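Trainee: Before we start, here is the structure in question, set down as structure tokens.
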Amino acid sequence: MAYFTLYKNPVHLPPTLARLIQQQITTGHPRAALGPLPTGEHPELLLPGRPASRPRSPEALSGQLMKHGLPTIAARNTALFGMAGELPPIIISDLFGVHRNTAIQWAALAQDSWAGYLAALTGAGRGTTAGAAVARRPGP
5 MAYFTLYKNP
15 VHLPPTLARL
25 IQQQITTGHP
35 RAALGPLPTG
45 EHPELLLPGR
55 PASRPRSPEA
65 LSGQLMKHGL
75 PTIAARNTAL
85 FGMAGELPPI
95 IISDLFGVHR
105 NTAIQWAALA
115 QDSWAGYLAA
125 LTGAGRGTTA
135 GAAVARRPGP
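Residue 144, in this note's numbering, is where the sequence shown stops; the numbers in between run on with no holes.
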């Protein structure tokens, strides 16, 4: 099994991705953002920092991604919201360091059903209170 450690959190990598990352680490060139460390005495790092013996900081990585037009906060929030729909709130709270009430709210939002809205769009909800409430908008 291969892991990619983000800050202090190890993330399990699928075998194919792990092979590609290992290949990049061992065959990278000196000016690449990814590449081997200058000497063999340091651990292999996918994203070396400055000095190369240390991992790149989250702030430096975020700044580099922003320079390329990749907003990290939106990606982070999307990932957290997606996890909130899959994991119990207490796990989300412990894993990501958010307050338990926040994790509970995220879970409720992530698991919210669009059934009423979809029924109103297709006309299947007509005649029911929920469908009529969604389908009709109050006048000016």
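Even for Gly, the Cβ is constructed at its ideal location relative to N, Cα and C.
A quick note: this is a predicted structure, and the numbers were derived from the prediction, not measured.
1) Can the beta-carbon of Ala119 be found closer than 9 Å to that of Ala88?
2) If Phe85 and Ala114 are in contact, beta carbons under 8 Å, what's the gap, nearest whole angstrom?
3) CA-CA distance, Glu90 and Gln27?
4) Check Ala22 in the structure and name its three-state DSSP category.
5) Compare the C-alpha of Ala107 against each of Pro92, Asp116 and Ala83 and name the closest.
6) Helix or strand or just coil, what does DSSP make of Leu50?
7) State the Cα-Cα distance for the pair Leu41 and Gln109, rounded to the nearest angstrom.
Mentor: Based on what the coordinates show:
1) no
2) 6 Å
3) 32 Å
4) helix
5) Pro92
6) coil
7) Annotation note: pLDDT 49 at Leu41 (below 50); position unreliable, no value reported.
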